[in-house]
């Protein structure tokens, strides 16, 4: 590819890099304006699919000041300005772009940065990775899932013994109380499209061309029209689009995307079953936008219910008239929710 550069050359003044498990990760951090408060947890922010540290631009400093601890946001390969490896040992099973690799990178990063106790905050596709990473270390004190792209089987309510009359049931606006996520088995066209894409990206030479063409087409449209969601705290939808498109100037972005797709297919898809409720922190906060077009609100409610609901420490907050990016579209409310949650888990820690 022409006109691509080393990610370090694209880095901003707040950018930092650290090598973790052989991969150079890009991250940014915010510290409280006053001193770090004793006992305050660090926050580790994990973006979703096609996201990057830019996703957290409206809440980094605000979270640090509100919670009183260090706030870290990092780019999950193959996104953002983190390194995109082109060679590794062990084939697809050992891909640095797999979900398992993402989980291990997260925990290893907390060690590399010397974090004591911390809370993981995962958005969209970053949420299931955060959930699994939360089970890897006793230093992880809490888990916040934002618009979580979590998998739900068909008839989950019957299999889990959950009550569909619960306020956190998966009943949607049309009254459907039992659905499958992310792809209903009845949606044959969607299944065929996924299978077709999977077949294409596996063909040597063809896969990389497909990734380049499809990504660059989407990028052109975004540069012309901007993002298609309200962004009241930014200059314009085009400015937001430019922020998210900047990593496409990084070397090997195309290889990273292709290998990420391959790894996902090898693992059985984007949304694999996550940890059981017993493996997760005592209290888990879910933040969801009411009008989320990507992860419907009923999915977040259903996940909370399937994990035992409020009685089992699943805290659920749904923001009115907000879409898939609560931290961008309602930053003040988001910061207050996370602060309230951190205060609660600190109180739990002090009493135990």
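Residue numbers (our numbering): 4 to 355. Think of the CB as a built atom: it goes at the ideal place given N, C-alpha and C, for glycine as much as any other residue. Since the model is a prediction, treat every value here as computed from it, not as a measurement.
Around residue 211, the same chain offers 257, 258 and 261 as residues with beta carbons nearer than 8 Å, after the five sequence neighbours per side are excluded. When DSSP states are grouped into helix, strand and coil, residue 310 belongs to the coil group. Between residue 108 and residue 28 a beta carbon distance of about 7 Å is seen, short of the 8 Å cut, so the two are scored as contacting. Distance from the CA atom of residue 119 to the CA atom of residue 296, rounded to whole angstroms, is 36 Å. Under DSSP, residue 264 takes part in no beta bridge, so it has no partner. With a 10 Å radius around the Cβ and a threshold of 16 neighbouring Cβ atoms, residue 349 comes out buried. Around the beta-carbon of residue 206, fewer than 16 other beta-carbon atoms lie within 10 Å, marking it exposed.
For residue 64, the closest of 128, 351 and 342 by C-alpha to C-alpha distance is 342. Here DSSP, grouped into helix, strand and coil, assigns residue 142 to coil. If you keep only unbroken alpha helix (DSSP H) runs of at least 4 residues inside the segment 30-97, you get 63-70. DSSP lists 291 as the bridge partner or partners of residue 321.
In this structure, the alpha-carbon of residue 16 lies about 28 Å from that of residue 132. Shortest Cα-Cα distance from residue 72 to any of 43, 97, 333 and 59 involves 43. At the C-beta level, residue 153 and residue 46 stay beyond 8 Å of one another. A distance below 8 Å between beta-carbons, with the five flanking residues on each side excluded, links residue 351 to the following residues of its chain, in chain order: 285 and 286. When the beta-carbon positions are compared, residue 111 and residue 24 come within less than 8 Å of each other. The continuous beta strand (DSSP E) containing residue 121 extends over residues 121-126.
Per DSSP, the beta bridge partners of residue 149 are 126 and 290.
For the options 283, 219, 291 and 234, the alpha carbon positioned closest to that of residue 248 is the one of 219. Residue state for residue 8 is assigned as strand, using DSSP reduced to three classes. DSSP lists 27 as the beta-bridge partner residues of residue 22. In the three-state scheme derived from DSSP, where H, G and I count as helix and E and B as strand, residue 279 is classed as coil. In this structure, residue 66 keeps its C-beta atom at 8 Å or more from the C-beta atom of residue 243.
In this structure, the straight-line span from the alpha carbon of residue 340 to that of residue 55 is close to 22 Å.
For residue 254, the secondary structure class from DSSP, reduced to helix, strand or coil, is coil. Counting the other Cβ atoms within 10 Å of the Cβ of residue 141 gives fewer than 16, which makes it exposed. When rounded, the separation of the alpha-carbon atoms in residue 240 and residue 113 is 33 Å.
For residue 344, the enclosing alpha helix (DSSP H) covers residues 334-354.
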